[in-house]
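Okay, so the sequence shown: first residue is 966 according to this note's numbering, each after it adds one.
Only one structure is covered here, and it is reproduced in the block below.
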Amino acid sequence: MAADRRGFRLRFDWNLFAGGFLLVVAIAAVVLFSQPSSAASTVPLFDRLAALQRAYPEAVKAIELNVVVMADGSRIEVDDGRQKDHQGKLAAADIEDMLSQIYPIGACDDGRPPERNFDPGRIRNDAIFRALYGATKEAAAANLVSVDWFGSKLPFARAGGADAALRAVVKDLRADPALKTYLVPSAGTFNWRAVAGTKRLSAHSFGAAIDLNTKFADYWLWSGGKAGNVPTYRNKFPKEIVDVFERHGFIWGGKWYHYDTMHFEYRPELIAIGRMAEARGCPRS
Ligand SMILES: [Zn+2]
966 MAADRRGFRL
976 RFDWNLFAGG
986 FLLVVAIAAV
996 VLFSQPSSAA
1006 STVPLFDRLA
1016 ALQRAYPEAV
1026 KAIELNVVVM
1036 ADGSRIEVDD
1046 GRQKDHQGKL
1056 AAADIEDMLS
1066 QIYPIGACDD
1076 GRPPERNFDP
1086 GRIRNDAIFR
1096 ALYGATKEAA
1106 AANLVSVDWF
1116 GSKLPFARAG
1126 GADAALRAVV
1136 KDLRADPALK
1146 TYLVPSAGTF
1156 NWRAVAGTKR
1166 LSAHSFGAAI
1176 DLNTKFADYW
1186 LWSGGKAGNV
1196 PTYRNKFPKE
1206 IVDVFERHGF
1216 IWGGKWYHYD
1226 TMHFEYRPEL
1236 IAIGRMAEAR
1246 GCPRS
């Protein structure tokens, strides 16, 4: 009797074990094969913060536990611990939110639009931008230098070597005269202003972004899009221009779900993180 009961219990336990094992395999398969293609989870936050420090070595003094210490003495919280949806991140980004989407490097040739709410670089932490470039319009303006843009003088930021990067972009773009029509006249660099329809400061407020020729521009708001719901994606700028800007530390607004195809923004930390993640080509989350 006792032996029979033990035998029954052994068989029962084996069945439970086998069933559990199959469940674990099934869950593992789902997790493994549903990972985002841009390898977004492969660069730990610590490495993203290290990239931020390397990108602005004069302005970012140290990375401490959950704090970025700036050379001006300000201390900026990395993660405020709040859960936010995409619009919430855009409205009140901490540093962790700002670095949460990995910008992919290189041209996207498949013609598909960016994935919904994939806006790498569009999420900006206001405090670090003000600490890097100037906290007020006057302070930001005082930090600008002149860069020659195909014969016109444009004011541009210096932090992290932004002005030198833009000069390097010009040098490379001059190699192909056919590109000039897309580049001039520039629709502007420095302009202390909020992003259209928001209270958030644009990267133009700090002189760290350049808009190319509006004649070729497509912008999600002009196309009738609403925040979080962009119906059509279009781009008329050649990928050669995007490649040159990225090579020198600029991201392109044409890779955003909320697209802005004439917009290039100096974000060497995001280019570095994209390279670390080996995130290439199409903007996918
Ligand atoms: Zn712009």
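Don't be surprised by glycine CBs; every beta carbon is placed ideally from N, CA and C.
{"Item": "Give a single yes or no on whether residue 1062 has its beta carbon closer than 7 Å to a heavy atom of ligand 1.", "Value": "no"}
{"Item": "Under 8 Å: do the segment 1119-1132 and the segment 1176-1194 share three or more Cβ pairs, one atom per stretch?", "Value": "no"}
{"Item": "Given that a residue counts as buried once 16 or more other Cβ atoms are within 10 Å of its Cβ, and exposed if not, what is residue 1128?", "Value": "buried"}
{"Item": "Count the other CB atoms within 10 Å of the CB of residue 1234; is the residue buried (16 or more) or exposed (fewer)?", "Value": "buried"}
{"Item": "Which word fits residue 1187, buried or exposed, when buried means at least 16 other C-beta atoms lie within 10 angstroms of its C-beta?", "Value": "exposed"}
{"Item": "Starting from residue 1128 and walking both ways along the alpha helix (DSSP H), at which residues does that stretch end?", "Value": "1127-1138"}
{"Item": "In angstroms, rounded to a whole number, what distance separates the CA positions of residue 1116 and residue 1149?", "Value": "9 Å"}
{"Item": "With DSSP as the reference, label residue 1250 as helix, strand or coil.", "Value": "Note that residue 1250 scores a pLDDT of 48, beneath 50, so its modelled location is shaky and nothing firm can be said."}
{"Item": "Is residue 1174 near ligand 1, in the sense that its beta carbon is under 7 Å from a heavy atom of that ligand?", "Value": "yes"}
{"Item": "Taking DSSP as the reference, what is the three-state secondary structure of residue 996?", "Value": "Residue confidence for residue 996 is low, a pLDDT of 46 falling below 50, so the modelled location carries little weight; the figure read from the coordinates is stated next. It is helical."}
{"Item": "Could you check whether the segment 1082-1102 touches the segment 1056-1067, counting it as contact only if at least three pairs of C-beta atoms, one from each stretch, sit closer than 8 Å?", "Value": "yes"}
{"Item": "Would you grab the beta carbon distance between residue 1068 and residue 1086 for me? Rounded to a whole angstrom, and I think it's under 8 Å.", "Value": "6 Å"}
{"Item": "For the alpha helix (DSSP H) containing residue 1147, name the first residue and the last one.", "Value": "1145-1148"}
{"Item": "Give me, in chain order, the residues of the same chain whose beta-carbon lies closer than 7 Å to that of residue 1145; leave out the 5 immediate sequence neighbours on both sides.", "Value": "1115"}
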